[in-house]
Amino acid sequence: MIVPESLPNGPDRIAKSRFLPAILMAAAIAAPAHAERPEDKAWLKAGLFRANVDTSLKVDDANLGIPGTSIDFEEDFGFRKHAWKPKIEGGVRLGKAFRIEADYFSLGRSGGVMLDEEIRIDDTVFPVNAEVDASFRTDVWRIAAGWSPLHSEKGELGLSAGVHLTKARYSFVADVNGAQLEEAQSKTIPLPNVSLFGNYNIDKTWGLNGRVDLLSMKMGGYKGTLVDAQATVSARLHHNIGAGLGYRYVDYDVRVRKSDLHADVNYRYHGPFVYAELAF
-5 MIVPESLPNG
5 PDRIAKSRFL
15 PAILMAAAIA
25 APAHAERPED
35 KAWLKAGLFR
45 ANVDTSLKVD
55 DANLGIPGTS
65 IDFEEDFGFR
75 KHAWKPKIEG
85 GVRLGKAFRI
95 EADYFSLGRS
105 GGVMLDEEIR
115 IDDTVFPVNA
125 EVDASFRTDV
135 WRIAAGWSPL
145 HSEKGELGLS
155 AGVHLTKARY
165 SFVADVNGAQ
175 LEEAQSKTIP
185 LPNVSLFGNY
195 NIDKTWGLNG
205 RVDLLSMKMG
215 GYKGTLVDAQ
225 ATVSARLHHN
235 IGAGLGYRYV
245 DYDVRVRKSD
255 LHADVNYRYH
265 GPFVYAELAF
């Protein structure tokens, strides 16, 4: 049993580069909603997302075949389960059916515990009574090209494809008998994305927007599943100014089975978000 205690954020610490790709595959999905109108030529949106988060991981020692400890960041390390986080996005249309869009989302938390049982992360063992600080953060930049085969003044339905440029950082640090134990990592990697999106104008003021991502993959020792769904109601308060309210749900699992790495990552977040937009 691990007893959580609240600890302040600590500095990023970088050590090993074997576990992070598993997290990156999943964490790269954090893209905001498509809330622009079919008639908009360009748009910029900024808002806040109230994320209810559940994050867990398990990293085995692949070299020795020793199972790692299953870690629930919220329950075991006292990570906040709820967090308001900013997000921003924008885009421009190239003609009627094509467009380019970009967005940014960041989620970072930290916590700490005094262990009443030892835990193993990869080949690092943190002993009983060690005070362990942990942190986990992702920053995702997304750029995509979209095409709307169905497009009218009332609405559109389309597909987009692009890349997430994802930077992820995690760390576990403890001082044990005057020596520092550390398991930490930071890495940036580009990952592809595809999505189905739709926009519909109820009238000149109100609109409905939505996006759904579904992914199941197995490649090179990596196996993962993803569900990412969100819907919004938007109001165009002025010809160029609008606001919206929505809800988002993301759930994914990543399993890694390679010669030097056995890891499992489970990540879920959901909640409402609000935003303001400027469109032309």
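When you number the sequence shown by the numbering used here, it's gap-free, plus one each residue, and the end is 274. Just so you know, even glycine gets a beta-carbon here, dropped at the ideal spot from N, CA and C.
- Give the range of the beta strand (DSSP E) segment to which D70 is assigned. In the DSSP assignment, D70 falls outside any beta strand (DSSP E) and lies within the alpha helix (DSSP H) extending over F67 to D70.
- DSSP beta-bridge partners for V122? DSSP output for V122 lists no bridge partner at all.
- Closer than 7 Å by C-beta to G41: which residues in its own chain qualify, once you throw out the five before and the five after it? Chain order, please. Here the set comprises K81, F267, V268, Y269 and A270.
- Task: Taking M211 as the reference, give the member of V248, A229 and L58 with the closest Cα.
- Result: Considering only alpha carbons, the answer is V248.
- Item | Rounded separation between H232 and N187 - CA only | Approximately 33 Å, taken between the alpha carbons.
- Query: Since I113 is in the beta strand (DSSP E), which residue starts that stretch and which ends it?
  - Reply: Unbroken beta strand (DSSP E) run through I113: I113 to I115.
- Message: Counting beta carbon pairs with one atom in the stretch 85 to 93 and one in the stretch 115 to 123, are three or more of them shorter than 8 Å?
- Response: As far as the Cβ criterion goes, the stretch 115 to 123 does not touch the stretch 85 to 93, which means the pair count is below three.
- Does the Cβ of H76 have 16 or more other Cβ atoms within 10 Å, making it buried, or fewer, making it exposed? Within a 10 Å sphere around the beta-carbon of H76 sit fewer than 16 other beta-carbons, which makes this residue exposed.
- Task: Find the nearest neighbour of T199 within the set K79, N57 and K148, judged by alpha-carbon distance.
- Result: Here the closest residue by C-alpha is K148.
- Can you give me the start and stop residues for the beta strand (DSSP E) that I94 sits inside? From DSSP, the beta strand (DSSP E) with I94 extends over F92 to L109.
- Message: What would DSSP say about L144, mapped onto helix, strand or coil?
- Response: Secondary structure of L144 (DSSP, three-state): strand.
- Item | C-beta atoms of Y243 and A223 nearer than 8 Å | Contact: yes.
- Are A178 and Y164 closer than 8 Å when you measure CB to CB? Less than 8 Å separates the beta-carbon of A178 from that of Y164.
- Option in V227, G236 and V259 with minimal Cα separation from T219: Cα-wise, what sits closest to T219 is V259.
- Message: Quick test of your reading: A128 and G106, contact by CB under 8 Å. State the CB separation rounded to the nearest angstrom.
- Response: That pair is a contact at about 6 Å.
- Message: Assuming contact is defined by CB atoms lying nearer than 8 Å, are V206 and P184 in contact in what I supplied?
- Response: No, Cβ-Cβ distance for V206 and P184 is not below 8 Å.
- Query: Of the choices G214, L272 and F191, whose alpha-carbon is the least far from that of A203?
  - Reply: Reading off the sequence, residue 203 comes out as Asn, not Ala. Scanning G214, L272 and F191 for the CA closest to the CA of N203 turns up F191.
- Task: Just the C-alpha distance for S138 and D169, rounded to the nearest angstrom, thanks.
- Result: In the sequence as presented, Ser is not what sits at residue 138; that position holds Ala. Straight across, the Cα-Cα distance linking A138 with D169 is about 44 Å.
- Query: In three-state DSSP terms, what is T63?
  - Reply: Looking at T63 - three-state DSSP - the assignment turns out to be coil, as it is neither helix nor strand.
- Item | Alpha carbon of S50 to alpha carbon of R93, nearest angstrom | Put simply, the backbone Cα of S50 is about 36 Å away from that of R93.
- Using only alpha-carbon positions, find the residue among P143, D70, R251 and L239 that is nearest to Y216. Of the candidates P143, D70, R251 and L239, the residue whose Cα lies closest to the Cα of Y216 is R251.
- Query: Mind checking K35: buried by the 16 CB within 10 Å criterion, or exposed?
  - Reply: Its Cβ having fewer than 16 others within 10 Å, K35 is exposed.
- Item | Distance, T160 Cα to A237 Cα | Their Cα atoms are separated by approximately 28 Å.
- Would you tell me roughly how many angstroms separate the C-alpha atoms of N57 and V167, rounded to the nearest one? Answer to the nearest angstrom: the Cα atoms are 22 Å apart.
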